[in-house]
Every structure is written in structure tokens, then in C-alpha cells.
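Per our numbering, the very first residue in the sequence shown carries number 845; after that it's consecutive. Idealized CB from N, CA, C, for every residue including glycine. Remember, it's a predicted structure, so these values are computed and weren't measured experimentally.
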Amino acid sequence: MVKKPPSDPMIDIEDKILELLRKNKEQGKDDLYTTEIAKQLDIASSTATKYLAILEAKGKVICKEKKPYKYWKIKD
Numbered sequence: 845m846v847k848k849p850p851s852d853p854m855i856d857i858e859d860k861i862l863e864l865l866r867k868n869k870e871q872g873k874d875d876l877y878t879t880e881i882a883k884q885l886d887i888a889s890s891t892a893t894k895y896l897a898i899l900e901a902k903g904k905v906i907c908k909e910k911k912p913y914k915y916w917k918i919k920d
């Protein structure tokens, strides 16, 4: 039996966020705000905020702030 290496939960969450934003874009919808992302992925808003900031630093997502919300979309 071949054992798979344990998956990195950080990468899993990043991938889920990117996939959600990609699907949202493909459907021609507007950007998603942080709470929407958290609800759709069943994660805490603070977790979504953390990983969205990481993805923004990596240049994979773009944030547009419209107080009191931060809207996110996948970078083209």
C-alpha cells in the first residue's frame, strides 16, 4: 500500500479560494466579498481573510475595498 504524503491544509484552502473566484468569474458575476467567500467554503471569515491576504501577496488575487467590504477577484 502506497501512502500519500499529508496534504498541506494551507494549499488546500488557497486552491479552494482560487477555484471559487475562478468559477465566479466564468459565470460573469461580480467580485465576492470576504464573508461570501467564507460562507461558500464553510470557513471562518478570519481564515478567509488570512488566506486572501496571502494570495494577494503572491499576486494571484486582486482586492478592491469598498468600505466596509473588501471585494476579491482572481487576477487575469
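* Count the other CB atoms, across all protein chains shown, that sit within 10 Å of the CB of isoleucine 881; report buried if there are 16 or more and exposed otherwise. => Position 37 of the sequence shown, counting from 1, holds the residue named residue 881. Label assigned to isoleucine 881: buried.
* Would you call the CB atoms of glutamate 858 and isoleucine 918 closer than 8 Å? -> If you number the sequence shown from 1, residue 858 lands on position 14. If you number the sequence shown from 1, residue 918 lands on position 74. In this structure, glutamate 858 lies away from isoleucine 918, with their beta-carbon atoms at least 8 Å apart.
* May I ask which residues mark the beginning and end of the beta strand (DSSP E) holding isoleucine 906? => Taking the sequence shown and counting its residues from 1, the one referred to as residue 906 is at position 62. Membership of isoleucine 906 in the beta strand (DSSP E) is indicated by the continuous run 905 to 910.
* With 16 as the cutoff for other CB atoms within 10 Å, does isoleucine 855 come out buried or exposed? -> One-based indexing of the sequence shown puts residue 855 at position 11. When all chains shown are included, isoleucine 855 counts as exposed.
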